[in-house]
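Student:
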Amino acid sequence: MKLELNQLRKFFGSQKAIGPLNLLIPECKTLVLIGPSGSGKSTLLRLISGLQYPDSGQILIDDVPIVYKRKELLAYRRKLGIVFQSWNLFPHLTALENIVLPLYRVHGFSNEEAEKRALELLNRFQMEKHAYKKPYELSGGQVQRIALIRALAPRPKMLLLDEPTSQLDPLMTAEVLELVLELKKEGQDLILATHHLHFAKKIADTLLFLADGKILESGSANQVIEHPTSTLAKKYMATLFEY
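For the sequence shown, full-length UniProt numbering begins at 1 and goes up steadily by one.
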């Protein structure tokens, strides 16, 4: 994918969340966002996903601008898979039903096609034995994997992940990160925010370090993590690696 940000700004009331952001990434399969809490990572992901509107500026994906109008946004969002910190599964539905529902309600699958696709992915990611369990019967890692499977089911052009392991213990975190790494190896376009620097270094083609709503560092994972130039980025990397 090619990503371009032109004078992008977002405010919440009088509080600036991000901007102005200017960026051009000519070619990237996996873009990773890192930075302290409140840096603007989640806001940028939500703007790219079309879930929030910028106050000014423009985002282009593969040279096509995101148009923030209802009809155009609905068509654009159908090409995306999105998983945020809270997995947002329907608590009264089984894992299988949570995957099937958006396929035939939003993406035009028949009920039979939707169930076939859901079972195919559950088998692929060794989750088939949990197909008929409801979210409260699953561990945090299992629930997050179901959320990832649901996002992957319609074969999205791009997958956006906002700190998908933030509520998981270390073992469950490793399981989910391994799944994300597998998706990268299969060629899935990814944009994700994370605090896991070792994982970011392993998966990122391009890494952005954000702070105070600005992009302070941009480059390869090795360049940004091992050789940051800004004082804040140096302090951030040193602190995370120390603990």
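Glycine residues also receive a C-beta, built at the ideal position from the N, C-alpha and C atoms.
Because the structure is a prediction, the values reported are computed rather than measured.
1) Quick one: is Leu179 buried, meaning 16 or more other Cβ sit within 10 Å of its Cβ, or exposed?
2) Thinking Leu181 and Ile203 are a contact (beta carbons under 8 Å), I'd like their distance in whole angstroms, please.
3) Sort out for me which residues DSSP pairs Thr206 with in a bridge.
4) Just reading off the beta strand (DSSP E) that Ile82 is part of, what are its end residues?
5) Quickly, what does DSSP pair Leu3 with across the bridge? List them, please.
6) Could you name the residues of the same chain whose beta carbon sits closer than 6 Å to that of Gln223, not counting the 5 residues immediately before and after it, in chain order?
7) Excluding the 5 residues preceding and the 5 following Pro91 in the sequence, name in chain order all residues of the same chain whose CB lies nearer than 8 Å to its CB.
8) Take every Cβ of the segment 74-89, pair it with every Cβ of the segment 155-175, and state whether three or more of those distances are shorter than 8 Å.
9) Go ahead and pull the three-state DSSP assignment for Leu148.
10) Candidates Arg117, Tyr53 and Leu122: which alpha carbon is nearest Lys10's?
11) Taking 8 Å as the CB-CB limit, is Tyr53 close to chain B?
12) Mapping DSSP to helix, strand and coil, what is Arg155?
Tutor: Reading from the atomic positions:
1) Buried, since its Cβ has 16 or more Cβ neighbours within 10 Å.
2) About 6 Å separates the Cβ atoms of Leu181 and Ile203, confirming a contact at the 8 Å cut-off.
3) DSSP, once it has assigned bridges, lists Leu31 as partnering Thr206.
4) Secondary structure note for Ile82: its beta strand (DSSP E) is the uninterrupted segment Leu80 to Val83.
5) In the DSSP output, where bridge partners are listed per residue, Leu3 has Ile25 and Ile61.
6) Excluding positions up to five away in sequence, the list is empty.
7) Only residues of its own chain outside the window of five on either side were considered, and among them Lys134, Pro135 and Tyr136 have a CB closer than 8 Å to the CB of Pro91, listed in chain order.
8) Touching, yes.
9) It is helical.
10) If we check each option's Cα against that of Lys10, Tyr53 comes out closest.
11) In the displayed structure, chain B is absent; only one protein chain is listed.
12) Correct three-state label for Arg155: coil.
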